Structure formats: structure tokens, C-alpha cells
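Asks: Chains as they are written, first to last, in our numbering: chain A, 21 to 200; chain B, 49 to 339. For each residue, glycine too, the CB sits at the ideal point set by N, CA and C. Just so it is clear, the structure is predicted and the values come from calculations on it, not from any experiment.
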Amino acid sequence: MLRSLELVAWRERNASQQLRAMAMERTRERTRTHVIGATVGIGVVLAVLSPVLVSGPDSFPISSFPMFAHVRASPMGTITHALAVSADGRRRPIPPELVANSSSLQALVTLQATVARGPAALATLCAGIAERARLDARFAGSRDVVIETATYDAVAYFDGDVEPTTREEHVRCPLPRDPR
Amino acid sequence: MNALRRLSDAYFAPAPARWLGLVRLLVGSYAVIQVLRRTPRLVSFARFDPAGFRPVGLVSMLDAPLPPALTFAQPYAAAAVGALFAAGAFYRVSGPLFALLFTWVMAYRCSWGMVFHTESLVALHLGILALSPAASALSLDARGVSEPPPDARFGWPLRLLAVVTVLTYFVSAVSKLKTNGVGWAEGELLRNYVAFDALRKVELGAFHSPIGTALLRFPALFAPMAAGALALELFAPLALVHRYAARIWITAMWAFHMGVWAVMGIGFAYPLTGFAFLGFVQWLDPRSREP
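#1: What number of angstroms, rounded off, separates the C-alpha of residue 215 of chain B from the C-alpha of residue 155 of chain A?
#2: Drop a sphere of 10 angstroms on the beta-carbon of residue 256 of chain B, count the other beta-carbons inside from all chains shown, and report buried for 16 or more, exposed for fewer.
#3: Smallest Cα separation from residue 111 of chain A: which of A:147, A:64, A:167?
#4: Within the same chain, show all residues whose beta-carbon is closer than 6 Å to that of residue 319 of chain B, passing over the 5 residues directly before and after it, in chain order.
#5: For residue 149 of chain A, collect the residues of the same chain with a Cβ closer than 7 Å to its Cβ; drop the 5 residues on either side in sequence, then sort them by chain order.
#6: Helix, strand or coil for residue 55 of chain A per DSSP?
#7: Quick check on the DSSP output: what are the complete beta strand (DSSP E) runs of length 3 or more inside the stretch 51-124 of chain B, in order along the chain?
#8: Note down, in chain order, all residues in the stretch 68-96 of chain A with a beta-carbon under 8 Å from any beta-carbon belonging to chain B.
#9: Along the chain, where does the beta strand (DSSP E) that runs through residue 284 of chain B open and close?
#10: Straight-line CA distance for residue 347 of chain B to residue 149 of chain B?
#11: If you follow the beta strand (DSSP E) that residue 113 of chain A is in, where does it begin and where does it stop?
#12: Excluding the five sequence neighbours on either side, which residues of its own chain have a C-beta within less than 6 Å of the C-beta of residue 246 of chain B, listed in chain order?
#13: Could you give the residue range of the beta strand (DSSP E) that holds residue 187 of chain A?
#14: By the DSSP assignment, the beta strand (DSSP E) with residue 163 of chain A in it spans what residues?
#15: Determine the direct distance from the alpha carbon of residue 66 of chain A to that of residue 299 of chain B, and round the result to whole angstroms.
#16: Give me the Cβ distance between residue 164 of chain B and residue 157 of chain B, rounded to the nearest whole Å; I'm assuming they're in contact under 8 Å.
#17: Please check if any C-beta of chain A sits within less than 8 Å of the C-beta of residue 194 of chain B.
#18: Count the other CB atoms, across all protein chains shown, that sit within 10 Å of the CB of residue 100 of chain A; report buried if there are 16 or more and exposed otherwise.
#19: As a quick exercise: from B:109, B:56, B:118, B:313, pick the residue whose alpha carbon is nearest that of residue 125 of chain A.
#20: Between residue 196 of chain A and chain B, is any beta-carbon pair separated by less than 8 Å?
#21: Smallest Cα separation from residue 123 of chain A: which of B:144, B:151, B:160?
#22: Along the alpha helix (DSSP H) that carries residue 141 of chain B, what are the first and last residues, could you check?
#23: If you measure beta-carbon to beta-carbon, which residues of the stretch 118-130 of chain A are closer than 9 Å to chain B?
#24: Excluding the 5 residues preceding and the 5 following residue 328 of chain B in the sequence, name in chain order all residues of the same chain whose CB lies nearer than 7 Å to its CB.
#25: Please classify residue 107 of chain A: does DSSP put it in a helix, a strand, or coil?
#26: In the DSSP assignment, what residue or residues form a beta bridge with residue 101 of chain A?
#27: Which first and last residues belong to the alpha helix (DSSP H) in which residue 139 of chain A is found?
#28: When the cut-off is 8 Å and only beta carbons count, does residue 178 of chain A lie next to chain B?
#29: Any beta carbon from chain B within less than 8 Å of residue 186 of chain A's own beta carbon?
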């Protein structure tokens, strides 16, 4: 009888110790979750807000998302583009995929950056564009590739006033004839 | 202290593991599709003039562009690891590795003079998911294992995804106000942006939206459009306050992006597909009782 009572008491002590251990484990888990969640949360929030708090160049993925934040008080806009020019002077835009890749924004910055790097870089880019355009049936009748910078009234442009107010040609290169 | 306690209780409220698993699966799949979709552009950098290399973000550790072989390989490597991420396989490794590779590949895309922002939120979301137990359910790692009970460790990542979503819009609004003040909401700036964007596309031989150019004839329309867009962005954090506010804001923001797509031909696929708002998943569930 005494041994049975001792056994019951031992089992109860054991069970209660196990329950305490489980509770402590749950508390440790809960604390761990809170520490990780709070640390990651505060870190990520500060990182995302950092462009608001500290000025700096745009970056990825942390950014101030300045896509529509630049000052554009007037409809006047300057474009650097590549054109295919035919013998009779007709000018046709060369699409972005023949300039850089399929992004028009990438094509624009590539052209602008090449203009800034000077005549040698322009000549190389012009020749590369011409080689790619040579294989494109849309430019079968074109004679030259021109890279130029032009200024337009962007609003008036879509009212029919499509001529630029200024135009500066940076480089001109021949479009090789397709030998076929 | 009361406010801090309420904030903590809301942030760490338990969520089912399957919600986090579902978000992992959807965001991961979306990211893999975006990598594959952009692969032609990503590999095109192999033929760019190295003088045009302007590294940003993680890629800033490079002094020069990657060799062509690595330029070609990186999107495919990212997509392969991304598939494991989405499937929740070997997640302890594939989680952080895909978040890193995706961020790297997209930062590389931004390292040629033009920083693109369409995948910024995706990269941030992948980073949060990588640091969470997002493969505890609906994953290959968890097959054959019964789903754990709802817990705070599955809840805070979802809340953080939602917080980051609204903060990116808030930061965008602050950018506009910092450079242009409240004058941005008057409409003239937006009209000039729409016109210049269309002009650029026409003169560079790319597609432009005829809807946007038609609207230029009606300047009065741009003030309410601009004011509405700015308000949606600036007050985005209010969507975190209550589930009804979240539902209204998400609907309005989706409509805003549809408008941008229609007027300017610029599609932000992540919010347009709804994936940007998956952090709100518990609040979007009509059965949710959370305030």
C-alpha cells in the first residue's frame, strides 16, 4: 500500500515536471518568435522608410520610388532617339529592341549615356544598331541610322505639332545593305 | 504602453500555417514567372557596352559587368531555385537563396543606367518569406506531416508583408510631395508626365496608350486623378487599421493600377494580379473576425 502511494506521488511529480518543462518550452518558443518577428519587422520597416529619412541615389529594392516625383513643370521634353533615315529624308524611329533591349526606358538611357561618353562610343553604338536594323525588314528602304537629341512640346505633339523645337544630330552611320 | 501592447497583439496574432504556405507558393510562383518572362532582357546585357554599367543595390559589389556566361546563367539559376522556393522544398536553403538570387538578378537589370521599380516589392516580400517558417504547410518539406496549429510565427510574416506593401506606396507619396509639394495634386504635372511618357514611346518606336493621349485634350480631368492617386498612396497605412479599410484601399489601389495601365500603358503586374496584397489574406477572408 505504501509503495503504491509512493508510486502515485512519483507519477504526479513526474507529470507536473513534464508539464512545467512543456510550459517553459512553449514560453521559449513564444519568446523566440517575438524576438525574430520584432527584429525582422523593425529592420524591414526601417529599411523601406530609409529613403524618406536619408537622401541618397535610387536603388533596388530599397527606393524612394521617384517614378513620378521628378519636377516636370512644363510639357517640354527632350528625347534622345535612334532613327532610320531613307534616301528621301523620311525618318522612322528604331525600336528599343534594336537599340538595347525591349524596354524603351533602357533604350533611352543607353542612348543618353552613350551621347555623354562621346564620339567613339556613339560610333560603336550606331554601327551596332545599323547591323541589327539591316536584318529587320521594316528598314529595308532606309539608308542611314541617326542618333539625335530633340526637344518637343509633349502636349502639343499629340495635337499635331510633331516637329521638335530643337534638334541635334550626334552621329550618323550607314545602314549596310543586306547582301541577299 | 497600452498602444504598444495592442500593436504587439495585432502583429503577433496567430495565423494558420496554410495561409503562410499559400502566400509562399503564390509569391514564389509569381517571382519565378517574372524572372523567366524577363530573361530575354536580362541576357541582353551580355552585349551591352561595359562603360554603361552603373551597379546598384547588391550588384554594387561588382566593379565590372559579369562575363557573358554568367549573365546568361543567372536568370535560369534564379528560376530553378525559385521553383524549389515556391514548392517549399529544402526551404531552409531555397528560401533565403531565392530571395537573394531574385534580388540580385533584378538589381543587375537595374544596373545599366535605369532603375526599374516593378519588382521592388516582390524582392522585399521574398526576403520576409525567406526569414519565416513559410514551408510548414502546403509544401514538399511538410508532406506527410500534419499541419501545426495556428501560431504567431505564421502570423507576423503576413502582417509584415501587408505593412511593407502600404509603406512602399507611402514612400512614393512622400517622394512626390518632397519634390513638388501639394502642387502635384493640381494635375498639371501628371498631364505633363502622361504626355512625355507617350512622346518618349512614340519617338522610340514603342507602344503607347491611345487612351492617355486622348485624355490630354481634357486638362481638367488630371486634377482629380492626381489628387486621388496621391491620397491613395499617402494614406495607404490606414489600410492596416481595420479590415474594411483594407478591403476598400486594396480595391481602390487595384483600380488605380488599372488606370495607370490604361492611360500610360505601364503595367505593375504584382498589384494588378493582386499578389502584392496577399499579406492582407486574413482580412480578405469574409469569414475573418479580426477587426
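Replies: So, from the listed chains and residues:
#1: Translated into the one-based positions of the second sequence, residue 215 of chain B becomes position 167. Translated into the one-based positions of the first sequence, residue 155 of chain A becomes position 135. So the two alpha carbons sit approximately 47 Å from each other.
#2: By 1-based counting over the second sequence, the position of residue 256 of chain B is 208. Classification for residue 256 of chain B: buried.
#3: Numbered from its first residue, the first sequence carries residue 111 of chain A at position 91. Put simply, of A:147, A:64, A:167 the residue whose alpha carbon is nearest the alpha carbon of residue 111 of chain A is A:167.
#4: To locate residue 319 of chain B, count along the second sequence from 1; it is residue 271. Within the same chain, 305 come within 6 Å of residue 319 of chain B by CB-CB distance, once the 5 residues on both sides are set aside.
#5: Position 129 of the first sequence, counted from the start, is the residue given in the question as residue 149 of chain A. The answer, listed in chain order, is 102, 114, 118, 119, 165.
#6: Here residue 55 of chain A refers to the residue found at position 35 of the first sequence. It is helical.
#7: Counting whole runs of 3 or more residues, the stretch 51-124 of chain B contains no beta strand (DSSP E) stretch at all.
#8: The stretch 68-96 of chain A vs chain B, Cβ under 8 Å: 68, 69, 71, 72, 77, 78, 79, 80, 81, 82, 83, 84, 85, 86, 87, 88, 89, 90, 91, 92, 93, 94, 95.
#9: Here residue 284 of chain B refers to the residue found at position 236 when the second sequence is read from its first residue. Run containing residue 284 of chain B: none; DSSP gives neither H nor E here.
#10: Nothing can be reported for residue 347 of chain B: it is not among the residues displayed for chain B, which extend from 49 to 339.
#11: The residue labelled residue 113 of chain A in the question sits at position 93 within the first sequence. Counting along the chain, the beta strand (DSSP E) containing residue 113 of chain A begins and ends at 111-113.
#12: Here the question's residue 246 of chain B lines up with position 198 in the second sequence. If we look at residue 246 of chain B and ignore the five residues flanking it on each side, its Cβ neighbours are 256, 260, 261.
#13: One-based indexing of the first sequence puts residue 187 of chain A at position 167. Counted as a single uninterrupted DSSP element, the beta strand (DSSP E) harbouring residue 187 of chain A occupies residues 186-194.
#14: Stepping through the first sequence from its first residue, residue 163 of chain A is reached at position 143. Run containing residue 163 of chain A: 162-173, per the beta strand (DSSP E) assignment.
#15: Here residue 299 of chain B refers to the residue found at position 251 when the second sequence is read from its first residue. Here residue 66 of chain A refers to the residue found at position 46 when the first sequence is read from its first residue. Whole-angstrom Cα-Cα distance: 27 Å.
#16: On the second sequence, position 116 is the one that residue 164 of chain B refers to. On the second sequence, position 109 is the one that residue 157 of chain B refers to. In this structure, residue 164 of chain B and residue 157 of chain B form a Cβ contact; the two beta carbons are roughly 6 Å apart against a cut-off of 8 Å.
#17: As a first step, residue 194 of chain B is located in the second sequence; it is residue number 146 there, counting from the start. Output row for residue 194 of chain B: interface = no.
#18: Numbered from its first residue, the first sequence carries residue 100 of chain A at position 80. It counts as buried.
#19: Here residue 125 of chain A refers to the residue found at position 105 of the first sequence. Measuring from the Cα of residue 125 of chain A, the nearest candidate turns out to be B:313.
#20: Position 176 of the first sequence, counted from the start, is the residue given in the question as residue 196 of chain A. Judged by the 8 Å Cβ criterion, residue 196 of chain A is not in contact with chain B.
#21: Here residue 123 of chain A refers to the residue found at position 103 when the first sequence is read from its first residue. Per the Cα distances, B:160.
#22: By one-based count along the second sequence, residue 141 of chain B stands at place 93. Following the DSSP letters along the chain, one finds residue 141 of chain B inside the alpha helix (DSSP H) bounded by residues 139-157.
#23: Under the 9 Å Cβ criterion, the stretch 118-130 of chain A contributes 118, 119, 120, 121, 122, 123, 124, 125, 126, 127, 128, 129, 130.
#24: In the second sequence, the residue the question calls residue 328 of chain B occupies position 280. Closer than 7 Å at the Cβ level, and outside the excluded window around residue 328 of chain B, lie 210, 294, 298.
#25: Along the first sequence, one-based indexing puts residue 107 of chain A at 87. Three-state DSSP puts residue 107 of chain A in coil, outside helix and strand.
#26: Residue numbering aside, residue 101 of chain A sits at position 81 when the first sequence is read from its first letter. For residue 101 of chain A, which the question treats as bridged, DSSP gives the partners A:168.
#27: As a working note, residue 139 of chain A is residue 119 in the first sequence. 139-154 is the extent of the alpha helix (DSSP H) around residue 139 of chain A.
#28: The count along the first sequence starts at 1 and reaches residue 178 of chain A at position 158. Taking Cβ atoms only, chain B reaches closer than 8 Å to residue 178 of chain A, which makes this a yes.
#29: As a working note, residue 186 of chain A is residue 166 in the first sequence. With 8 Å as the cut-off, residue 186 of chain A does not count as an interface residue toward chain B.
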